[in-house]
Amino acid sequence: MKRRKFLQYAGLAAGAATFPLNGFSINPLPRLPFLQALAASGNPYERVLVLVQLIGGNDGLNTFIPLDQYDKLAGARPDLLIPENQVLSIDGTLANGLHPSMAHLRNMYNDGLVSVVQSVGYPNQDYSHFRSTDIWMSASDSEEFLETGWLGRYLMSEYPGYPTGYPNPDMPDPLAIQIGSIISLALMGDPNPMGFAISDPDAFYQFISDFPEPAPNTPYGNELEYIRLVTNQAETYYDAIKGAADVGQNLSAMYPAPGANRLADQLKIVAQLISGGLKTPVYIVTLDGFDTHSEQIDMTMGPTVGNHAELLRLLSEAVGAFQDDLKLIGADDRVAGMTFSEFGRTIAENASFGTDHGAGAPVFVFGKKVIPGIIGTNPDIPQITNGSEDVPMQHDFRSVYASALQDWFGIENPESILSETYPILPIFEAPVSGVHNTRGIDPFALGNFPNPFQGATTIRFTMPESAQARIVLYDPSGRLVDTVADRYFAAGENQVSYRNNSLPAGQYVYRLEVGTKWAAGMMLVK
Amino acid sequence: MPEQTLSRRHFFRDLAAKGLPALANRPAGSLRDDKSLQDDKRDHPALAPTLRWDDKPAVVGDLTPYNGPWTPELANHLLRRLTFGARKTEADQILALGSADAAVDFMLTPPASLPDPPVNNYNGPDFTDPTIPPGETWVNVPYDFTGEAEGYRIESWRGWWLRHMIQEPANIREKMTLFWHNHFAIQASIVFVGRAMYQHNQLLRADALGNFKTLVKDVTLDASMLFYLNGYLNDKDAPDENYARELQELFTIGKDSPDQYTEDDVVAAARVLTGWRINVVDLTSFFDPTAHDTTDKQFSNFYNNTTIQGNVNGEVELDALLDMLFAKNQTAEYICRKLYRFFVYYVIDDAVETDVIQPLAQIMRDNNYEMEPVLSTLFKSEHFFEAYNMGGYIKSPVDQVVGVMRNFNLDVPASTLYDEWLMLLYLNYLGNAMQMMPGEPPNVAGWPAWRQAPQYYRNWITADTIRNRNVYSDILSLYALQTDNDDLTIDHIAFAEQFANPEDPNLLIDDTLRLLLPQPLSAIKKGLLKGILLSGQATDAYWTSAWIAYQNNPTDQMAMETVRFRLSILHKYIMSLPEYQLI
Chain S
250 MKRRKFLQYA
260 GLAAGAATFP
270 LNGFSINPLP
280 RLPFLQALAA
290 SGNPYERVLV
300 LVQLIGGNDG
310 LNTFIPLDQY
320 DKLAGARPDL
330 LIPENQVLSI
340 DGTLANGLHP
350 SMAHLRNMYN
360 DGLVSVVQSV
370 GYPNQDYSHF
380 RSTDIWMSAS
390 DSEEFLETGW
400 LGRYLMSEYP
410 GYPTGYPNPD
420 MPDPLAIQIG
430 SIISLALMGD
440 PNPMGFAISD
450 PDAFYQFISD
460 FPEPAPNTPY
470 GNELEYIRLV
480 TNQAETYYDA
490 IKGAADVGQN
500 LSAMYPAPGA
510 NRLADQLKIV
520 AQLISGGLKT
530 PVYIVTLDGF
540 DTHSEQIDMT
550 MGPTVGNHAE
560 LLRLLSEAVG
570 AFQDDLKLIG
580 ADDRVAGMTF
590 SEFGRTIAEN
600 ASFGTDHGAG
610 APVFVFGKKV
620 IPGIIGTNPD
630 IPQITNGSED
640 VPMQHDFRSV
650 YASALQDWFG
660 IENPESILSE
670 TYPILPIFEA
680 PVSGVHNTRG
690 IDPFALGNFP
700 NPFQGATTIR
710 FTMPESAQAR
720 IVLYDPSGRL
730 VDTVADRYFA
740 AGENQVSYRN
750 NSLPAGQYVY
760 RLEVGTKWAA
770 GMMLVK
Chain B
3 MPEQTLSRRH
13 FFRDLAAKGL
23 PALANRPAGS
33 LRDDKSLQDD
43 KRDHPALAPT
53 LRWDDKPAVV
63 GDLTPYNGPW
73 TPELANHLLR
83 RLTFGARKTE
93 ADQILALGSA
103 DAAVDFMLTP
113 PASLPDPPVN
123 NYNGPDFTDP
133 TIPPGETWVN
143 VPYDFTGEAE
153 GYRIESWRGW
163 WLRHMIQEPA
173 NIREKMTLFW
183 HNHFAIQASI
193 VFVGRAMYQH
203 NQLLRADALG
213 NFKTLVKDVT
223 LDASMLFYLN
233 GYLNDKDAPD
243 ENYARELQEL
253 FTIGKDSPDQ
263 YTEDDVVAAA
273 RVLTGWRINV
283 VDLTSFFDPT
293 AHDTTDKQFS
303 NFYNNTTIQG
313 NVNGEVELDA
323 LLDMLFAKNQ
333 TAEYICRKLY
343 RFFVYYVIDD
353 AVETDVIQPL
363 AQIMRDNNYE
373 MEPVLSTLFK
383 SEHFFEAYNM
393 GGYIKSPVDQ
403 VVGVMRNFNL
413 DVPASTLYDE
423 WLMLLYLNYL
433 GNAMQMMPGE
443 PPNVAGWPAW
453 RQAPQYYRNW
463 ITADTIRNRN
473 VYSDILSLYA
483 LQTDNDDLTI
493 DHIAFAEQFA
503 NPEDPNLLID
513 DTLRLLLPQP
523 LSAIKKGLLK
533 GILLSGQATD
543 AYWTSAWIAY
553 QNNPTDQMAM
563 ETVRFRLSIL
573 HKYIMSLPEY
583 QLI
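Chains as they are written, first to last, in the working numbering: chain S, 250 to 775; chain B, 3 to 585.
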């Protein structure tokens, strides 16, 4: 299947059409309100963090503009600075505004969906892209080389032994998915990479489409196609990802056309996989081109247009559509995103209408469960003497990581991942229970495996104490179609196997009810 | 020779218990115990005059000598097919010869001498050879009737063989040795005598580029083959047809043509071959006239009603039998098709049959079954160097195991003899996890990839084996294969330093791909590769300055790690491309 064809099918999916894929028929129903309610309130899934890497070093001063420093900035970057009356104002402060390309992000901020952490960096700034990227990915000190990434270490602590014994009923899906690059250092474990890389959106569609990219009609091309096909299917997580992609869908109308926004294309896939039920807790997407040494702005049209304006537009549009999609698919309670770049840029502009490598820059964290607002103060813009002045670090980037680990993922000891203690910043709402020792929010740890399935699947759950419990199955319209179990269960882990004899292919919700408490999960019948 | 099943099983179980790398574990029972041919040998359809798959493109060109420009791409192609993987130094060496003609002559000229025999490198915590001290060869010792030492000697031999595939300079001999092993396929786990397997293997190596007819005779009288196909039990009072059948079906005439020998021919040939026995002291063969059938043997119309006169000297009858087999045109045609499938491609359509196979078979007959003129003609041909035909060959597991090491100039580390033994054992069992270990073909018909239609090479590629191929290249590029005292791992920086312009990311990637892949990569994929070196940046100069920073200060660990890390990911990624599985 060619990519265009796939997208056509994906479009059909929203209309509840049945289409044959991979030899079996899937009925990709839209998420009805009933399903959303069950899925959301039952919380069968876990929290997800999406990292948006801005490659090249983003100019934070033209992104999140410190208006109380405007005069000093105007002196340092007379050509580049956004005219004051075109800066997008945000609710609640006159001291900051956003680049005029970032209307979507401004709306999100005003809706209480964004936290801005000011001047994030690290001591002893390294101005090499490579080193600084490695430092951010590994969460090392400036003078240190770590062979593992901060997320790799986090995932190692949460999923010990990986990849031995994975996938399994508790974690049937990839631990991390990276789109847009190859095995980021951030996902390196010891010794195994903890993530799954999809090189670009095209590769993703090839991966899930059964028809890899065309090869020449020669013996070489012929054998290559065969190996590609087997390689795809050999991927441990092929079934999980393809299964999620087959039923997952994007509901937002805000996404730009495919190919028009390279970041939106990636985030759209992330939303599709989340919607399809993938339990993957970490995604990384990338937007490149931020290394704006020259022509950061359009030399004739002025500072509000040009390369940097275009990049920020891509970022803002993509994040806006993604957040809208998360809301529509009912996943915004459990997904948060975070932008970062290897460094900021010099305060002063250079002679090429650009800026050079700098230090601190703002980090944007977005999502329904972030604590909105601005953390930290505006940088104090100094007198420019030699042009190399940059924004000093106000928050160590590992403080942001520690906050994500503790308050988003519920890790008790972020220092075990980051090797030192860093201040926790008020970025994320902590998990509902306030208990920081589990990833999950569902007290029953409900799940089923395999999923999707044909024939039989096993439903697993943990009973806090022995009690009477009932498991029932609903079809997409909310009709109760089967009772899986209704009996006394012992405390601890329980398993119930469910054999499907009559249900047509599609998406079903099963619900575990114990007294007044309940949890729900989604199962996909192939 | 006593049956060794028990000790063999114990041996492999012990090996598994010792903790080979997880994926190299092979359950003791999974070794094929059944040396008799299963049905799967007979499942390949006779090669009908037209053999064609509409979905598989035909290859092009004929045996006309190639006289075009001699390019790096062609030199690398020659190395990839005739050895187990191209090294940069060898690619330069072959290219410098200036023409395909000179390069092929060079590749067909192996060293005059045979490699030194394997030694006891297996004395260690688990086993001490009662007879042979460490460092001394075990190939002259009597058979160990307890069977225990033999298991270690077999693995010592297997590792020795693999080491020669890794270390052999640029010539065809080791690849031809494997070709003959696949042709005269025997299983070391069944023969289970180290000395016999060593002798058999050296025989294949010594005759690798010699005379096919001579080789068939030598193999017929080889102790391992006599044991493996029951020749040593073949007696005038109880003829055993096993070898006589395979001699015709698999080693000479083949089953390609509908015009065939008869069952009576099999019986008659078995009677010709009665009386050959194994000397268990030195593992040579000898002729026992008292066990030989001295009556006349009558063959069918297929063999022009030949009669082989009974003779008290079995060798006279054997020579007569071989003369009869080699008088049939099928013999040369059959072996030429096997050569073609082993070195060129598996699809033999009308054009290839007419333009390549038939003329090659004629050359073989005209040269009295000398191999050199046949190989020389094939490898110097336009057909072999036609760009359209390049890269359609799926690597065998041995191509992969040995190929990564040769591509990246790795040698087998040997801090101690035991480290060397263990490392080679790991490598062989990693290959086994990809479904191929030298010395252990699935049966006497050899590996299915070189004979079983319609899948042929694709037999190598399954979800499991492709993963294991990638695990192997991941280990060597990102981690290390470890013994107590040694690490086997790729030196990424040294690899890049071989090229003329490692500071230029475009040239570095082009040079790297030219060595490692058989065809150019798409611009999109090349862009992805460059993205690894540049960490996604758009400016080539960032790689250049990182490389130069390292060159200027190679002891600066940070500068070194910055380039080493990116190169390691680059190399890992290239080797996990499906394209890397093709040569």
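C-beta: ideal position from N, C-alpha, C; glycine also.
Just so you know, these numbers come straight off a predicted model, no measurement behind them.
Whether residue i touches residue j by CB criterion (8 Å)
i      : j      : result
B:G448 : B:H185 : yes
S:A520 : S:I447 : no
B:Y230 : B:I188 : yes
S:M405 : S:A425 : no
S:L347 : S:I339 : yes
B:V218 : B:L324 : yes
S:A754 : S:L761 : no
B:F288 : B:E176 : no
S:Q515 : S:G603 : no
S:V584 : S:V366 : no
B:D267 : B:Y305 : yes
S:T706 : S:F698 : yes
S:L654 : S:P663 : yes
Residue i classed as buried or exposed, judged by whether at least 16 other C-beta atoms fall within 10 angstroms
i      : result
B:M577 : buried
S:L773 : buried
S:V681 : With a pLDDT of only 44 at S:V681, under the threshold of 50, the placement of this residue in the model should not be trusted, and no figure is reported.
B:V565 : buried
B:Y582 : buried
B:P241 : buried
B:R34  : For B:R34, the predicted model reports a pLDDT of 33, less than 50, meaning its position is unreliable; a value from the coordinates is still stated below. Burial call: exposed.
S:N635 : exposed
B:V446 : buried
S:Y812 : Nothing can be reported for residue 812 of chain S, as the shown portion of chain S is limited to 250 through 775.
S:E661 : exposed
S:K775 : buried
B:Q437 : buried
S:S652 : buried
S:A259 : Residue confidence is low: S:A259 scores 27 on pLDDT, short of 50, so the model does not pin down where it sits. Its coordinate-derived value is still stated next. Buried, because 16 or more other Cβ atoms sit within 10 Å of the Cβ of S:A259.
B:I96  : buried
Boundaries (first-last residue) of the alpha helix (DSSP H) holding residue i
i      : result
S:F646 : 646 to 652
S:W399 : 399 to 407
S:E474 : 468 to 483
Boundaries of the beta strand (DSSP E) in which residue i is found, first to last residue
i      : result
B:V446 : Element bounds for B:V446: n/a, residue is neither H nor E.
S:I384 : Taken as a continuous stretch (DSSP letters only), S:I384 belongs to no beta strand (DSSP E), being part of the alpha helix (DSSP H) at 378 to 387.
S:G370 : 363 to 370
Any non-hydrogen atom of the ligand COA within 7 Å of residue i CB
i      : result
S:K617 : The ligand COA is absent from the structure shown, which contains no ligands of any kind.
Within the region 177 to 257 of chain B, note down every full alpha helix (DSSP H) run reaching 4 residues or more, in order along the chain.
190 to 193, 196 to 208, 214 to 222, 225 to 230, 244 to 248
Contacting positions in the region 468 to 487 of chain S - beta carbon closer than 7 Å to chain B
P468, Y469, N471, E472, L473, Y475, I476, R477, V479, T480, Q482, A483
Residues of the region 303 to 321 of chain S whose Cβ lies closer than 7 Å to any Cβ of chain B, in chain order
I304, G305
To be precise: take each residue of the region 529 to 548 of chain S, compare its Cβ to all Cβ atoms of chain B, and keep it if any distance is under 7 Å. Which residues remain?
T535, D537, G538, D540
Taking any Cβ of chain B, which residues in the region 361 to 382 of chain S have a Cβ under 8 Å from it, in chain order?
S377, H378, F379, R380, T382
Beta carbons nearer than 9 Å to chain S: which residues of the region 107 to 138 of chain B have them?
none
List, from N- to C-terminal side, the alpha helix (DSSP H) runs of 4 residues or more that fit wholly inside the region 284 to 355 of chain S.
319 to 325
List, from N- to C-terminal side, the alpha helix (DSSP H) runs of 4 residues or more that fit wholly inside the region 723 to 752 of chain S.
none
Against chain S: residues of the region 446 to 474 of chain B by CB proximity under 9 Å:
Y459, R460, I463, T464, A465, D466, T467, I468, R469, N472
Using a Cβ-Cβ cut-off of less than 7 Å, give me the residues of the region 355 to 389 of chain B that come near chain S, in sequence order.
none
Between the region 527 to 539 of chain B and chain S, which residues of the former have CB atoms less than 9 Å from a CB of the latter, in chain order?
K527, L530, L531, G533, I534, L536, S537, G538, Q539
Near-chain B residues of the region 386 to 397 of chain S (beta-carbon distance less than 7 Å), N- to C-terminal order:
F394
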